[in-house]
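Residue numbers (the UniProt record's numbering), protein chains in the order written: chain Z, 1 to 582; chain C, 1 to 582.
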């Protein structure tokens, strides 16, 4: 197990891998998975390498560019830094912190801390895995813009949630994988798209494995009305994330938030900290990521300006994430998800955790557990389906980002210039009214009272306008943001399929070259068909959820919009009635 | 009478006076009134003087800076000039024209053509007589800003209305005062405020005149409930300005618009061109200006982008001006106003005109006809009243300008960025809906149809938002703009009173110096009391109209706003109903 280690020179410390790295055999290298927590054991190797130890105790060399180090302790106590353009305490604490570290440690290995692979740390809505700009540059620096994910600080969640003061913990016995500090989605993408050489194991592992592991796991795919579908449980799992409580340990040196999660199955609440969610996410991604898009946790989101608001927002998004996982027939039924939701006691939890971490049916090997109850597909059809889904998810990604962009602009207008304008209109009416009152002319109080009331009505409208986005646009934004995250996982999932298709296409060539047997070729075709069924089942699951979600959010939005405009009309009608008809 | 004269060297031509100029006796100078049309008879005098002839045939020297010359004929035919920022034909024709003349004739006397005394030819809402900035700088160049008076071209109205092609006319026998090309209000103010030396005759003329002219005119002031009031006619005069018709003369070389004015007294329409309104304005200003604020005609307003829109807008404003004049008990009963509204035939009209032009009860002498039916006021009370009105009109002027400023901003937002945003929201919903349609997943047409409908609804809302200001804000703007013009006349009217008060204060000194007799001093006090009654009657008239106008316009505005928001709510409710409740 990893040892807690920290020397005064900063030579040894905690770090995590930014990208996947595959060790070359015999070179004394250490394979690391992106996001994996490492303990740096020797920083003085030179030649761009450092020595690190993983949570299993293996020690080896890793390219230092692949490692992101935790900041030195002192920086966490630094407060009172100048805020750049964010007014809240939270942002002022974290944003300049990373900047400071960058600026003052030019040649220091710590300075990679803030290396944000998605570029532009201030880019709302731009934390999409492909690094695509979503037009949000226009929103930079606007304090009232909708606060999406990808806000200023990668390190925020980790530090704030788990230790508001203190060295990033590395508790032995709790599993080292919890220490990732970086962003999942962006760096994962980087690893797949920009550094294909250090990608996850390709589909060959599954396509060509001699005898698929025969575990007790069995994921059946049926033919439903809409085509291949997962096997859905009879009652849908659901849970409520609630009651965030601040806890502390080490005599108050470290504080954290614990959420209460109550599943509808046991109706018995369990407690989890953010880092437990993060652990769960890692396990699900490892296990199902090749077949099922596992959306990132709502991390790195600095939404609230106050602690309370921040916690509320995070809880809301954790709820959204958990609901989506509960709704997934494969995820929700998995052992790891079940143990997370309904462990009986600490021991039960620890056992479950250890078991989950040892699970070997991960990555592309998940396909070995999938059993479609239908005839094998032709490779041509497999490719067609794959292309279709690829096009659709790309198109929807664009559509969703467009909504986020216009929504963000609308949010800014509704909370910024528009209410200011209504307020000024209101003030102008009231000012003229008070001038009229000073006329010395008798009997105009009916007019001036009515004008004052009309002015006040416009001030009320100003306030309504400013508050409305929280009541309706917020949910449109949250839903689309969630979908953006989800859609950002599809290129990975689809990518595995595309790679498999390419492999199958090479079948004849590989046979001719004597690299695989004819039997292998047939097996590959059969297995890529299984993968296609899996993708289709997943797409059908996605579509049915999408229809439900958009139907719901559009209804809610329009309902609130109707109320909004009706209330304004009623207020104005009231104001109108105060004028006399001459 | 003036002779039509135009020599090829441009030596002789038409011009008009920019400011009042009082000739010094024995210096061969010619007194001119601001706005008066002159014929330049000799441009080669030198020393900053030119020789000019007025419409009565008097010839004399005038400072050349006081004269604005008409442009040479050729420029009027110049079309196809690059537009600067105004898209319409009208604006493109006129705005660059003046610029061109300025640029190409640097040292030419013609280059004074575009000298705009109010500064900033592009300054919406800034044609107020005091030249005060109303914050409209922000609206510069915005094509959709509310188009108030004082738009680009001083020369526009004159040229376009009276001669779309051809030399500015100087018809003999029609009265020379019609040829003014400049702006009344701004240049008048300049003359009074910036060049006090060339002001109108002061109140002394009235205060010290030996025996007030005993005409048949008699303007009685009664004590009403609210204080001194004018004598109101039993039925209020009213008229309808309608049916603008394009006429032409000189075989089509000159075209003009003729409006039909039908008073409620005779119910018989009379026709008038804009320049006849202008003549009427001049007469009313001459006759009543010292006692009654006569608002400027809606001249110099380039509001419509198309001929039709322009004519409609001008007609609307001429109607507003005529309605205000009709409502005034003194103005509406005057001979000159009556003949304008109800002349029987051309001969009747010409006779009436000639008579009006010969009227000598003008300027401060109007006070000789005023007869208050109440005890003389104490000079202290006179001064108090005067100060009170001065304060009120200034405060209201500020209030009105504030409304115009915020209204103009709101206009821009409602016709510019806001509908664009709603349109983009609508498009984003529709785009996502069409992506959904491409999913290949069955049975989602209810959702996509509903989403498309919702998107279209937001596009409809976009259009409603853009069109709404014309339905409600327009009238708020027009009313306040009218009041801005009216309030801009008060400093003049009040100024005459202040000057009179000062004169009375000097009474003892003047008696001591032997300049006036004790009897004169008593007379002055009595007459300043008459002036105060007149001001009070006028203020009470103003107040009662103000209450009526603002009550009406606020009601109209709120009524339309209620309709607007109710329609939006109804549209959204309809859109909402298309989603299925799951």
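Quick reminder that beta carbons are idealized off the backbone N, C-alpha and C, glycines included.
8 Å Cβ cutoff met for residue i and residue j
{"i": "residue 53(C)", "j": "residue 59(C)", "result": "yes"}
{"i": "residue 580(Z)", "j": "residue 446(Z)", "result": "yes"}
{"i": "residue 295(Z)", "j": "residue 489(Z)", "result": "yes"}
{"i": "residue 477(Z)", "j": "residue 450(C)", "result": "no"}
{"i": "residue 503(Z)", "j": "residue 203(Z)", "result": "yes"}
{"i": "residue 325(Z)", "j": "residue 310(Z)", "result": "no"}
{"i": "residue 275(Z)", "j": "residue 257(Z)", "result": "no"}
{"i": "residue 67(Z)", "j": "residue 23(Z)", "result": "no"}
{"i": "residue 288(Z)", "j": "residue 366(Z)", "result": "yes"}
{"i": "residue 37(Z)", "j": "residue 55(Z)", "result": "yes"}
{"i": "residue 453(C)", "j": "residue 426(C)", "result": "no"}
{"i": "residue 480(C)", "j": "residue 226(C)", "result": "no"}
{"i": "residue 237(C)", "j": "residue 334(C)", "result": "no"}
{"i": "residue 571(C)", "j": "residue 457(C)", "result": "yes"}
Neighbourhood of residue i by C-beta, 8 Å cutoff - its chain only, sequence neighbours within 5 removed
{"i": "residue 535(Z)", "result": "291, 385, 386, 389, 493, 494 and 497"}
{"i": "residue 223(Z)", "result": "229, 373 and 374"}
{"i": "residue 573(C)", "result": "none"}
{"i": "residue 218(Z)", "result": "369 and 371"}
{"i": "residue 381(Z)", "result": "532"}
{"i": "residue 544(Z)", "result": "226"}
Neighbouring residues, chain Z, relative to residue i (Cβ below 8 Å)
{"i": "residue 605(C)", "result": "With chain C represented from 1 up to 582, any question about residue 605(C) goes unanswered, as that position is not in the structure."}
{"i": "residue 555(C)", "result": "576, 579 and 581"}
{"i": "residue 413(C)", "result": "417, 418 and 421"}
{"i": "residue 400(C)", "result": "432"}
{"i": "residue 474(C)", "result": "Under the 8 Å cutoff, chain Z gives no residues; its nearest Cβ is about 15 Å from residue 474(C)."}
Same chain, Cβ closer than 7 Å to residue i, neighbours up to 5 away in sequence not counted
{"i": "residue 565(C)", "result": "none"}
{"i": "residue 563(Z)", "result": "none"}
Residue nearest to residue i in terms of C-alpha spacing, selected from the options
{"i": "residue 262(Z)", "options": "341(Z), 56(Z), 569(Z) and 500(Z)", "result": "341(Z)"}
{"i": "residue 429(C)", "options": "338(Z), 550(Z) and 51(Z)", "result": "550(Z)"}
{"i": "residue 248(Z)", "options": "242(Z), 240(Z) and 273(Z)", "result": "273(Z)"}
{"i": "residue 411(C)", "options": "441(C), 444(C), 467(C) and 442(C)", "result": "467(C)"}
{"i": "residue 660(Z)", "options": "45(C), 546(C) and 236(C)", "result": "With chain Z covering 1 to 582 only, the question about residue 660(Z) has no answer from this structure."}
{"i": "residue 491(C)", "options": "392(C), 208(C), 560(C) and 455(C)", "result": "392(C)"}
{"i": "residue 30(Z)", "options": "355(Z), 459(Z), 51(Z) and 14(Z)", "result": "51(Z)"}
{"i": "residue 267(C)", "options": "308(C), 298(C) and 343(C)", "result": "343(C)"}
{"i": "residue 379(Z)", "options": "64(Z), 319(Z), 525(Z) and 297(Z)", "result": "525(Z)"}
{"i": "residue 523(C)", "options": "216(C), 329(C), 308(C) and 206(C)", "result": "206(C)"}
{"i": "residue 57(Z)", "options": "39(Z), 260(Z), 356(Z) and 383(Z)", "result": "39(Z)"}
{"i": "residue 232(Z)", "options": "537(Z), 413(Z), 350(Z) and 329(Z)", "result": "329(Z)"}
Closer than 9 Å at the beta carbon, the chain C residues around residue i
{"i": "residue 50(Z)", "result": "Chain C residues near residue 50(Z): none, gap ~46 Å exceeds 9 Å."}
Neighbouring residues, chain C, relative to residue i (Cβ below 8 Å)
{"i": "residue 437(Z)", "result": "Correct list: empty, because the minimum Cβ distance to chain C is about 10 Å."}
Under 9 Å by beta carbon: chain Z residues contacting residue i
{"i": "residue 406(C)", "result": "421, 424, 425, 427 and 428"}
Cut-off 6 Å between Cβ atoms - residues of its own chain near residue i, not counting five sequence neighbours on either side
{"i": "residue 556(C)", "result": "475"}
{"i": "residue 322(Z)", "result": "239 and 241"}
{"i": "residue 510(Z)", "result": "516"}
{"i": "residue 178(Z)", "result": "Note on residue 178(Z): pLDDT 31, under 50, position unreliable in the model; the coordinate value appears next. Correct list, in chain order: 275 and 279."}
{"i": "residue 377(C)", "result": "529 and 532"}
{"i": "residue 77(C)", "result": "With a pLDDT of only 23 at residue 77(C), under the threshold of 50, the placement of this residue in the model should not be trusted; the figure read from the coordinates follows. So no residue of the chain qualifies."}
{"i": "residue 569(Z)", "result": "none"}
Interface partners of residue i on chain Z, CB under 7 Å
{"i": "residue 392(C)", "result": "438 and 439"}
{"i": "residue 538(C)", "result": "Neighbours of residue 538(C) on chain Z: none; closest Cβ ~12 Å, over 7 Å."}
{"i": "residue 551(C)", "result": "447, 579, 580 and 582"}
{"i": "residue 403(C)", "result": "428 and 432"}
Chain C contact residues for residue i, given Cβ-Cβ distances below 7 Å
{"i": "residue 547(Z)", "result": "444 and 447"}
{"i": "residue 388(Z)", "result": "440"}
What alpha helix (DSSP H) runs, 4 residues minimum, are completely inside the segment 442–487 of chain C? 445–471
For the UniProt domain "PX" (237–347) of chain C, which segments carrying the beta strand (DSSP E) assignment without a break, of at least 3 residues, lie completely within its bounds, in sequence order? 239–249, 254–263 and 270–273
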